[in-house]
Structure formats: C-alpha cells, structure tokens
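Novice: In our numbering, the protein residues as written are 52 to 201.
I'd like to ask you about the structure that follows.
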C-alpha cells in the first residue's frame, strides 16, 4: 500500500529520558485524529521506542539513535514505526515460554503483547539484509470510518 500521507521522520537520542518528547511529538502529530486512536498510538509508540533503547545499540552506544516514522494509507490505517541501531543480538518477539505464574510475576516483556493486542498488525524487518545495521519495528492501526483525520 502506498502512503497517502507521511509525517516528517523524527530522530531521537537513544535514551529513555526522551520518552516524554516522543510522546509529546507523536501527540502533536496526531492532532485532529480521534483521541482514543491517538492515545493508543502514543501508548504503543512509547513501548516500541523503549524497546529500541533497552535492547539494541541505540541505547548502549555513544550517540545511539532511534528514528520514528508515521504514515497514513487512505483513511483506513495509520502505521507507526521505529528504527534502531541494531546489534541487539535478538529480534522483537513476544515471549511464549513462561508459565502462568511467571507471567503474573513478570514486570517486563509485556509491551509487545500489548502492541499486538491494540494494533491490527505489527512486525519488524532488518534495515539491511547484510548485517545487523538496525531493525525497523512497526505497528498498524485500523481507523474506523468515523475516525476523524486531518
């Protein structure tokens, strides 16, 4: 699908303290959309950004960064993405090898489960197939016909 609207990509330092800025700028970019849709994207975007910082070179390398993308396809869907610096050694995934008690006790690693439940689809792709130069993680959200768009 070809985007009918894209927002300016935003570049953030790979630091958790940038989360408030990520939220603020995403909220501003989504002005004019249904507040419930905007809130959902901000919540999921916070999780995706935090994962980039916690689990990749974006948060561990001096000068690490994360790029945020946002685009609209027609009036049907919004896709939010984050690209990290790679070298995390893993790919984004929802843990599946925990017992119910372990899930109850777990404080972390529930974020992608939340993204999966709140989005229409989510996934990831390597930035470059020839090495670990980063991963682009995205989530798509379906808009209802009554969702206002600007």
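Glycine included, every Cβ here is placed at the ideal spot set by N, Cα and C.
With distances taken between CB atoms, is the gap from residue 184 to residue 116 smaller than 7 Å?
Specialist: Residue mapping note: residue 184 aligns to position 133 of the chain shown, counting from 1. Residue mapping note: residue 116 aligns to position 65 of the chain shown, counting from 1. No, they are not a contact pair.
Novice: So residue 79 is in the alpha helix (DSSP H); what residue range does that whole segment cover?
Specialist: Taking the first residue of the chain shown as 1, we reach residue 79 at position 28. Residue 79 -> alpha helix (DSSP H) spans 70-80.
Novice: Near residue 176, what residues of its chain come up, given a Cβ to Cβ distance below 6 Å and the 5 sequence neighbours on each side ignored?
Specialist: What you label residue 176 is simply residue 125 of the chain shown in a count that begins at 1. Cβ neighbours of residue 176 beyond the five flanking positions: 187.
Novice: Smallest Cα separation from residue 137: which of 80, 64, 178?
Specialist: Walking along the chain shown from the start, residue 137 turns up at place 86. Of 80, 64, 178, the residue nearest in Cα terms is 178.
Novice: Along the chain, where does the alpha helix (DSSP H) that runs through residue 86 open and close?
Specialist: The sequence position of residue 86 within the chain shown is 35, counting from 1. Where residue 86 is concerned, the enclosing alpha helix (DSSP H) stretches over 86-106.
Novice: Do the stretch 58-74 and the stretch 116-127 make contact, defined as three or more Cβ pairs closer than 8 Å?
Specialist: Output reads yes: the stretch 116-127 touches the stretch 58-74.
Novice: Comparing C-alpha positions only, which one of 102, 195, 75 sits nearest to residue 128?
Specialist: Numbered from its first residue, the chain shown carries residue 128 at position 77. Measuring from the Cα of residue 128, the nearest candidate turns out to be 195.
Novice: Going by beta carbon distance, what residues of the same chain come within less than 8 Å of residue 98, once the five residues before and after it are set aside?
Specialist: Walking along the chain shown from the start, residue 98 turns up at place 47. Hits under 8 Å: 162, 163, 165, 166.
Novice: Terminal residues of the continuous beta strand (DSSP E) containing residue 67?
Specialist: Position 16 of the chain shown, counted from the start, is the residue given in the question as residue 67. Taken as a continuous stretch (DSSP letters only), residue 67 belongs to no beta strand (DSSP E), as it is neither H nor E.
Novice: May I have the straight-line CA-CA distance separating residue 113 from residue 104, to the nearest angstrom?
Specialist: In the chain shown, counting from the first residue as 1, residue 113 sits at position 62. In the chain shown, counting from the first residue as 1, residue 104 sits at position 53. Their backbone Cα atoms lie some 12 Å apart in a straight line.
Novice: Determine whether the beta carbon atoms of residue 133 and residue 84 lie at a separation below 7 Å.
Specialist: Along the chain shown, one-based indexing puts residue 133 at 82. Along the chain shown, one-based indexing puts residue 84 at 33. Cβ distance not < 7 Å, so residue 133 and residue 84 don't count as in contact.
Novice: Under 8 Å Cβ to Cβ from residue 110, same chain only, skipping five residues before and after it: list those, please.
Specialist: As a working note, residue 110 is residue 59 in the chain shown. Result list for residue 110: 65, 66, 67, 103, 104, in chain order.
Novice: Pick helix, strand or coil for residue 137, following the three-state DSSP scheme.
Specialist: Here residue 137 refers to the residue found at position 86 when the chain shown is read from its first residue. Note: residue 137 maps to coil in three-state DSSP.
Novice: Between the Cα of residue 40 and the Cα atoms of 95, 125, 76, 72, which residue gives the shortest distance?
Specialist: There is simply no residue 40 to check, as the chain begins at 52 and stops at 201 in what is shown.
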